[in-house]
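Down below is the structure, laid out as structure tokens.
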Amino acid sequence: MPADPCFSLKQARRLVLAAQGFAGRQPPALIKAAHVNRLIERLGVLQIDSVNALVRAHYLPLFSRLGSYSPSILEQAAWSQGRRRSLFEYWGHEASLLPMALYPLMRWRMARAQQGQGIYAQMARFGREQQAVIQRVLKTVEQQGALGAGSLSTRAERAGPWWDWSDEKHALEWLFAAGLVTVAGRRGFERLYDLPERVIPSDILRIRVSEAEAQRALLLHSATALGVGTEKDLRDYFRLDPADSRTRLAELVDAGQLLSCRVQGWKQPAYCLPTPTVPRKVLASALLSPFDSLIWERSRTERLFDFRYRLEIYTPQHKRVYGYYVLPFLHNERIAARVDLRAERTHSRLAVHAVHEEEPGLDEEGMQALAVNLRQMADWLGLQQIQLNCQRPSADRLRGAMIGLDVGR
């Protein structure tokens, strides 16, 4: 490779797709825990989100890359006890599941949180002013083991909407950010908190890494997972501070661990690993979670795929352009369509409320690939039927492609 390689936009896309696990290879017929763990280690982080219109966000990136797998594999890796547990919860990108090996790389962030740095202002203020509540909650966890916020709350009035947390919930979230408790498991979607020494393996807890070393390791992991990215891209993957990121990035370039490069059409310099291998093509089709690491940084998604994407869940219905829970459809190196989906579990059906093709549209092979992806998703979710509720012309083409796939079985 030259000192400062230059990638075309098409090469950059291929590099990124391969790095993100879209290699185009046929996945194994039976997905085992080892396949799931290897993929999560490659990605480094699965973002957690509570919206369950289709399936919770942390389950979907694995399906997009591996196909049909048992969600229990992820649940065991994330929240079981003993050797099968390979993940922990923390603030990685947002609320995230991360490989256990990254726990030592997050301790500097926990230490900063104890000092009120890198956390929301309201939580930092609570940490300064409500140490009595925090210590009482911590002592209760020490004595009683894994607890949810609901079992600790002492307030009598009803909770309000959204983030109207009790003092005990605030205390647990502060302790979690500070690394003084961690997530032992979940009851439904409620976190159960316990002491790290009762959840994290002792050999992991013994590892100590300096702040600078941890930040360099996280940036290297970002570069591995992203394939190629600007400083902001690499920083955003694990939500590093800009000043820290720029300093560590310069150190990595000086040490030859990262290479400065250019990407056609990008205004900012980019970075990649020293020996990038660009695939000749990436033939992969997948429906993507709105919180998939391939697309979660929206400006990067525009630069890579010429695809402007915004989640419209919190947009009033009459102002929505594409729909409530819209999944981008990746097909052969393009994001070629958007599909508004809902899992109607009581009727055992996958409802397709809208299909919006991106210019120049999907050819017949692409529409067939979308139909197959929808059938595979319905099967994975245990839904018997696919119901097309959309009236656009693309829906007619999709309906034709669904023939033979047992749409209404």
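Numbering-wise (this note's numbering), the sequence shown opens with residue 1 and increments by one.
For every residue, glycine included, the Cβ atom is placed at its ideal position computed from N, Cα and C.
Distance between GLU197 and LEU258, taken at the CA atoms: about 35 Å. With fewer than 16 other Cβ atoms inside 10 Å of its own Cβ, ARG208 counts as exposed. Shown here, ASP194 sits in a strand according to DSSP, grouped into three states. Listed in chain order, the non-local C-beta contacts of MET100 below 8 Å within the same chain comprise ARG85, SER86, LEU87, PHE88, ILE200, PRO201, ILE204, local neighbours out to five positions each way being set aside. DSSP places ARG128 in no beta strand (DSSP E) but in the uninterrupted alpha helix (DSSP H) bounded by 121 to 129. Its chain contains VAL209, ALA214, ALA217, LEU218 as the residues whose beta carbon lies nearer than 7 Å to that of LEU105, once the 5 sequence neighbours on both sides are disregarded; these appear in chain order. Cα atoms of ARG125 and GLY116: separation of roughly 8 Å, rounded to the nearest angstrom. Looking only at LEU381, ASN389, ALA401, the smallest Cα-Cα distance to SER70 is reached by LEU381.
Among the bridge pairs identified by DSSP, PRO99 is matched with LEU87.
Taken in chain order, the complete alpha helix (DSSP H) segments of 4 residues or longer contained in the region 3 to 38 are 9 to 19. Secondary structure within the region 212 to 260: the alpha helix (DSSP H) runs of 4 or more consecutive residues, fully enclosed, are 231 to 237, 242 to 254 (chain order). Following the DSSP letters along the chain, one finds ASP340 in no alpha helix (DSSP H) but inside the beta strand (DSSP E) bounded by residues 334 to 344.
Comparing alpha carbon positions, the residue from ILE295, LEU98, GLN114, GLN47 closest to ARG13 is ILE295.
The DSSP assignment places complete beta strand (DSSP E) segments of no fewer than 3 residues inside the region 247 to 324 at 259 to 263, 270 to 272, 285 to 287, in order along the chain. Taken through DSSP and simplified to helix, strand or coil, VAL183 comes out as strand.
GLN47 has SER96 as its beta-bridge partners, per DSSP.
Taking one beta carbon from each stretch, the region 324 to 337 and the region 278 to 286 have 3 or more pairs nearer than 8 Å; the two touch. Separation of ASP236 and GLN20 (C-alpha to C-alpha, rounded to the nearest whole angstrom) is 15 Å. Cβ contact annotation for VAL137 (same chain, cutoff 8 Å, sequence separation greater than five): LEU152, GLU168, ALA171, LEU172, LEU175, in chain order.
For the 9 Å CB-CB criterion, PHE307 and GLY92 do not form a contact.
Contact between the region 284 to 303 and the region 43 to 51 is present: three or more C-beta pairs spanning the two stretches fall below 8 Å.
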